[in-house]
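Student: What follows is a single structure, and I will ask about it in a moment.
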């Protein structure tokens with residue numbers, strides 16, 4: 220009986236290792252420039268890889284990444300979520316993942332004066348054709364949003 224139990228346990232462990240899929244995390248750089256008259260930008264919400272993979276909605280926790288800024292440009296190194304999608308080469312990840320989403324939502328926040336914790340929010344939908352994707356020498360994917368001007 221003990222041999223049969225140990226044999227079954229060994230088979231379960233072996234099958235888990237044979238049929239499990241590797242998951243990877245990929246570093247990313249998000250960057251862009253925003254020029255909006257009379258609008259002091261405090262933070263930018265950009266889509267997370269969980270949103271881009273249709274796991275979470277953009278306006279829900281985990282659907283976006285927050286980038287705090289005090290200038291007209293932003294650049295932040297973040298990372299993807301854990302997924303086998305990110306085990307591919309950077310070129311394949313760009314073509315097979317990042318370029319598959321047709322629209323990239325973005326929210327820009329300005330703190331309202333004399334209103335603690337209140338923000339004015341501008342929302343944009345950026346077509347993927349206007350986005351730029353680069354691969355750095357360190358094999359980091361850079362996602363560059365087009366200039367936003369108003």
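Numbering (our numbering), first residue to last: 220 to 369. For each residue, glycine too, the CB sits at the ideal point set by N, CA and C. All values derive from a computational prediction rather than experimental measurement.
#1: By a C-beta neighbour count over all protein chains shown, 10 Å radius and 16 as the cutoff for buried, is residue 280 buried or exposed?
#2: On the three-state DSSP scale, how would you describe residue 305?
#3: Using 8 Å as the threshold, is the segment 314-332 in touch with the segment 344-364, meaning 3 or more CB pairs across them?
#4: Are the segment 310-321 and the segment 350-369 touching, with three or more C-beta to C-beta distances below 8 Å?
#5: Who are the near neighbours of residue 309 in its chain, counting only those whose CB is closer than 6 Å to its CB and skipping five residues on each side?
#6: What separation, rounded to the nearest whole angstrom, lies between the Cα atoms of residue 301 and residue 241?
#7: Could you check if residue 337 is buried or exposed, using at least 16 other CB atoms within 10 Å of its CB as the buried criterion?
Tutor: In short, the structure shows the following:
#1: Here residue 280 refers to the residue found at position 61 of the chain shown. Its Cβ having fewer than 16 others within 10 Å, residue 280 is exposed.
#2: Stepping through the chain shown from its first residue, residue 305 is reached at position 86. If DSSP states are grouped into helix, strand and coil, residue 305 belongs with the helices.
#3: yes
#4: yes
#5: Within the chain shown, residue 309 is the residue found at index 90, counting from 1. Excluding positions up to five away in sequence, the list reads 354, 358, 360.
#6: Translated into the one-based positions of the chain shown, residue 301 becomes position 82. Translated into the one-based positions of the chain shown, residue 241 becomes position 22. About 9 Å.
#7: Taking the chain shown and counting its residues from 1, the one referred to as residue 337 is at position 118. So residue 337 ends up on the exposed side.
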